[in-house]
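Protein chains in written order, with our numbering: chain Z, 1 to 335; chain F, 1 to 291; chain P, 1 to 385. Glycine included, each C-beta is placed from N, C-alpha and C at the ideal position. Data first, discussion second: the structure below is written as structure tokens.
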Amino acid sequence: MLNTFMQSRLRGLVILALILVILPAFLGNPFHYELVTQMAIIAATVVGLNLLVGFAGQISLGHAGFFGLGAYFTGIATGTYGWSSVPALVVGAIVVGAIAWIVGRPILRLKGHYLSMATLAVGFIIAIILNNERALTGGPDGMPVPAFEIFGWELSAFGRYSLFGITIEGFQAWYIFASVVLLVAVWFALNLIESPIGRALRSVHGSEVAASVVGVNTAKYKSLVFVISAIYASLMGSLYAHFQGFITPAVASFEFSILFITMVVLGGMGSTFGVILGAVVLKLLPQVLADFQELEHVMFGLILMLTMIFMPKGLLPTLTAFVSKKMRKKAGGEA
Amino acid sequence: MLAEFLQYLFTGITIGATYALIALGFTLIYNASHVINFAQGEFLMIGGMATVSLTAMGVPMILAVVLAVILAGILGVALQRFAIAPAKQADVVTLIIITIGASIFIRGIAQVVWGKEYHVMQNFSTDQPIEVFGAVLNSQSLWVLGIGAILVVGLVLFFTKTLIGKAILATSMNKEAARLVGIRTQMVLMLAFMVSALLGSVAGIVVAPITFTSYDIGIILGLKGFVAAAIGGLGSGVGAVVGGLSLGIVEAMAAGYISSDYKDAVAFSMILLVLFFMPRGLFGAKVVERV
Amino acid sequence: MFKTVIRRAGKCAAVAAAGLMMMSAQAAEPIKIGSFLSVTGPASFLGDPELKTLEMYVEKINEEGGVLGRQLELIHYDDVGNASSARNFASRLIRSDQVDIIVGGSTTGATMAAVPLIEQAEVPFISLAGAVVITNPVKKWVFKTPQTDRMAAERILTDMKDRGITKFGLISGTGGFGSSGRTQTLEVAEAMGMEVVADVTYSGSDTDMTAQLTNIRNTSGVEAVLNFGFGQGPAIVTRNYAQLGMELPFYQSHGVASDSFLELAGSSAEGLRLPASPLLVPDSLPNDDPQKEVVQNYKAEYEARWDSKVSTFGAYAYDGLMLAVRAMEEAGSTDPEAVRNALENIQGYVGVTGVFNMSPEDHNGLDPDSFRILEVQNGEWKLID
């Protein structure tokens, strides 16, 4: 019993790892590597957001605010004050987590659309501050961010590294780094979901009243998962800033928040691997649609609408349901 | 001092009236279907842009306005029929994403058909501003307020005096019960979207002389409308009007007295404050969660 | 409406035909010119004329035999005014499309986001964005064609001083252009001994700036008002200014130097001044002005081809493309290092925006005098200085 349970939890992770190992065979040039690296960072962010949206059932329309805070904390600490990357990343995450905890307490009392509204407001306020505090953030034109640095060793997308006698390019090193980060992020999320905390969360999603009646401290768990997802966003924002080398307040914008939540919903709320697929699709789509020129936005809107209308549960859950139905039919036919 | 205050107040009320009209559109659709329609701003855009482009083609203003409003109405019905109705089993967030997709789609088409430039619409009456105690008021602001007031009164009458209006209300309260008493709920929902679109497009037309109009004007106005609706309490008509006006006035006062850099932040902080103390907005109904 | 649709269909056909022709006529590898522009989104009034300009002149150059005996191929992406997409598309141009040179970057944010990558990849880059930070400090691979916002501020403040104004109110947009313009204006004012007595802002999506203007009007000592911003915002500011009955001398920045601004602002724009390239007043230029012919030709060709008014912003792309072509011709190859060196040494290139004299210390090559001060009189631009 426990064995199969462990298997099912690890199975997805192993498949994801395999995909990440095989993927470079299909990447033609450094730009492809970059794109996939960005996908991995964004995907890890959405895995965190999914804990809040998919499991606790709380909608956030301001998550880019936390992502942006993380990115700017890193940018300012490493760029302006010469901190090393890792302390900046960690302290940034702690600060953002604390902010999330402080604003989360009152906000999470709200229900449904009012909660969305409040998170939207928090996101907007963060974006406005980043935009206006020019002395600190460089204002709307943004600020440069130094390369990621660990123990005096710099990870730059343009460098070249020798590891155990194998020479790899900087963009490949970033790809490997981002892949590992994504795997860790997924592993942590999966563990959390299967822990007692995760079960409590799902009960909140099901019915908050029922959950509190049977003694689940709903407020505590909601705050906890809000903070965790904000920390995910902050950490990934920091990495994103290092990788991009330049950030503007757009990383904290409402559009970005909407993009995050769209990734979750499109990929499949509540499915950790589904939301990764959502991130991949929505990162890839603009690149694919760039060739349509003027019709790019029309196509994007249409695809988004049709997918959600015909697959309201999201891409991955719909696809797996479809496949397993086929398989069951096949098995039934053989028997 | 008084002149200054009045000036901010006039500015705030004009912007606020616009927000209120958009918020009413949100409220209408929310009441009928519990959908938050993020494409609401696009109805405004259609109203303004269609009127401008039709008049540029030589269509008389009045006819252009009527055609633009009809176009928006058709769009509203189509949105409900082809995007919302087929997904009725979907989650609330999923419906939000569908309306976001719809708004990107509509905006994309508008951009291809009408181009990306901003357009001017002439004031309905004189360009000469009106002076009151040292503050000036754009004559178009009176049109916005007047037409806004007429629409609000019209809506109230529609919901209390007409059978169709009552049917929409009944459907919003209890869909199953409404169906049992013989209301064709699908028809009613389409109607709600249509009325909401009409409202939005009229708002888009009356404010166009003040704000200009372009294919992407709906994004931010739609968002502000949502904010106004939430402050007032989703689903409350009075709330939408009060929410819209207060949002506009707070923005203008903040820009004038506090900091123009942070006026939007002040407005958003106000929202948080309202929600902290009144979790269902100013006029939101207390809803009992079914277990 | 129909006309637009038909025109667009025609354009598609033309592009397809050009594509076919190129395939057959192609002997040598084409020279790849990459571009990322804000063709849609809030900065589309920059990116749209820029793209149109690049498209038409790449076509024209190809009809005339190309550059170095090779055809030009334009590869462009729309960054929607978003800096991170700009960076990604720059990466795609360099690493996937392997372009020889990049002419693009409609906004400062988009340009600066791409700069670290471009510097690392060592590809010549001509930016079409305004802020002074792009070329100051000088970056080895980065050039730009528009005058800096600092020059605009200098030119405006000098004109104010000539009129005896020393205290003025500043209203600026919170977007990249307005924000950077504000910073430069404050610095220049201090250097010139002038005083900014009121300093207010508005965000790009605001629909009414009466409150901010009232604030300026009620500040004591204001002798003039300057608005630094672009998009539709300044047009609203201009209208609100007139509605409030404000009669102080009013200045706008080069961010609104286009005929569409006059259309939006209407009679409210009467009497305002701004710095602009001579493109808006080609016929008022004296005959011995070296730019006269270039400016007139560009205006005529653009308006004939696109059936819409020229804007100063399209001219930035014109100058960018022509500088790129000239550099490649002088270098005799598309070798990045050689092209870059040639770009850095271009002297006396007469463009639409101004006369460019590049140097290792100056990757912009323009001086403040390339801006002309224009005034709106009877609904038209008039050359003042």
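{"Check": "Where Gln252 of chain P sits in the DSSP three-state scheme", "Outcome": "strand"}
{"Check": "Cross-chain neighbours of Thr94 of chain F in chain Z, by beta carbon under 7 Å", "Outcome": "Val265, Met308, Pro312"}
{"Check": "Partner residues on chain P for Gln172 of chain Z, Cβ-Cβ distance less than 8 Å", "Outcome": "Per Cβ cutoff of 8 Å: no residues; Gln172 of chain Z is ~13 Å from chain P at best."}
{"Check": "Nearest neighbour of Pro146 of chain Z, chosen from Z:Ala241, Z:Tyr221, Z:Pro30 [CA to CA]", "Outcome": "Z:Ala241"}
{"Check": "Limits of the alpha helix (DSSP H) - the one that Glu140 of chain F falls within", "Outcome": "According to the sequence displayed, residue 140 of chain F carries Gln and not Glu. Gln140 of chain F -> alpha helix (DSSP H) spans 139-161."}
{"Check": "DSSP state of Ser234 of chain Z mapped onto helix, strand, coil", "Outcome": "helix"}
{"Check": "Beta strand (DSSP E) segment containing Asp78 of chain P, residue limits", "Outcome": "72-78"}
{"Check": "Burial state of Ser333 of chain P (16 or more Cβ within 10 Å)", "Outcome": "exposed"}
{"Check": "Under the three-state DSSP convention, the category Phe89 of chain P falls into", "Outcome": "helix"}
{"Check": "Complete runs of the alpha helix (DSSP H) confined to the stretch 1-80 of chain F [at least 4 residues]", "Outcome": "2-33, 40-56, 61-78"}
{"Check": "Inter-residue Cα distance where the pair is Gly190 of chain P and Arg372 of chain P", "Outcome": "The question names Gly, but residue 190 of chain P in the sequence shown is Glu. Rounded to whole angstroms, Glu190 of chain P to Arg372 of chain P spans 23 Å at the Cα level."}
{"Check": "9 Å Cβ cutoff, Thr272 of chain Z in contact with chain P", "Outcome": "no"}
{"Check": "Run of the alpha helix (DSSP H) containing Gly105 of chain P, from where it starts to where it stops", "Outcome": "Careful: Gly105 of chain P lies outside any alpha helix (DSSP H) and carries neither H nor E."}
{"Check": "Any chain Z beta carbon closer than 9 Å to Arg280 of chain F", "Outcome": "yes"}
{"Check": "Cβ neighbour criterion (16 or more within 10 Å) applied to Tyr81 of chain Z", "Outcome": "exposed"}
{"Check": "Three-state class that DSSP yields for Pro116 of chain P in the structure shown", "Outcome": "helix"}
{"Check": "Whole-Å CB distance - Thr387 of chain P paired with Gly130 of chain P, under 8 Å assumed", "Outcome": "Outside the shown range of chain P (1 to 385) lies residue 387 of chain P, about which nothing can therefore be said."}
{"Check": "Neighbour flag for Val149 of chain Z against chain F, beta carbons, 9 Å", "Outcome": "The sequence given here places Glu at residue 149 of chain Z; Val does not occur at that position. So no, Glu149 of chain Z is outside the interface."}
{"Check": "Exposure of Ala25 of chain Z, with buried meaning 16 or more beta-carbon neighbours within 10 Å", "Outcome": "exposed"}
{"Check": "Segment limits, alpha helix (DSSP H) that includes Ser162 of chain Z", "Outcome": "From DSSP, Ser162 of chain Z is part of no alpha helix (DSSP H) but of the beta strand (DSSP E) over 160-163."}
{"Check": "Own chain residues within Cβ distance below 6 Å of Thr99 of chain F, not counting five before or after", "Outcome": "Asn37, Phe38, Ala39"}
{"Check": "Nearest residue (CA-CA) to Ile97 of chain F, options Z:Met39, Z:Leu306, Z:Leu235, Z:Leu239", "Outcome": "Z:Leu306"}
{"Check": "Test: Ala240 of chain F CB closer than 9 Å to a CB of chain Z", "Outcome": "no"}
{"Check": "Simplified DSSP state of Asp335 of chain P, which is helix, strand or coil", "Outcome": "coil"}
{"Check": "Chain Z contact for Asp283 of chain P (CB, 9 Å cutoff)", "Outcome": "no"}
{"Check": "CB contact below 9 Å: Met112 of chain P versus chain Z", "Outcome": "yes"}
{"Check": "Inter-stretch contact at 8 Å, needing at least 3 Cβ pairs: the stretch 250-259 of chain Z / the stretch 34-53 of chain P", "Outcome": "no"}
{"Check": "Close-in-space but distant-in-sequence residues of the same chain around Phe105 of chain F (CB under 7 Å, 5 per side omitted)", "Outcome": "none"}
{"Check": "Within chain Z, the residues that Tyr262 of chain F reaches when beta carbons sit closer than 8 Å", "Outcome": "Ile128, Asn132"}
{"Check": "C-beta contact flag for Leu182 of chain Z and Ala44 of chain Z at 9 Å", "Outcome": "yes"}
{"Check": "Thr160 of chain F, buried or exposed, once every other Cβ within 10 Å from all chains shown has been counted against 16", "Outcome": "exposed"}
{"Check": "For Ala157 of chain Z and Phe171 of chain Z, believed in contact at Cβ under 8 Å, the rounded distance", "Outcome": "5 Å"}
{"Check": "Other residues of its chain near Ser229 of chain Z: CB distance less than 6 Å, five sequence neighbours each side excluded", "Outcome": "Gly48, Leu49, Leu51, Leu52"}
{"Check": "Residue of F:Leu63, F:Val52, F:Leu137, F:Leu95 minimising C-alpha distance to Ser33 of chain F", "Outcome": "F:Leu95"}
{"Check": "For Ile171 of chain P, the first and last residue of its enclosing beta strand (DSSP E)", "Outcome": "167-173"}
{"Check": "Contact set between Ile210 of chain F and chain P, taken where Cβ atoms lie within less than 7 Å", "Outcome": "Thr207, Asp208"}
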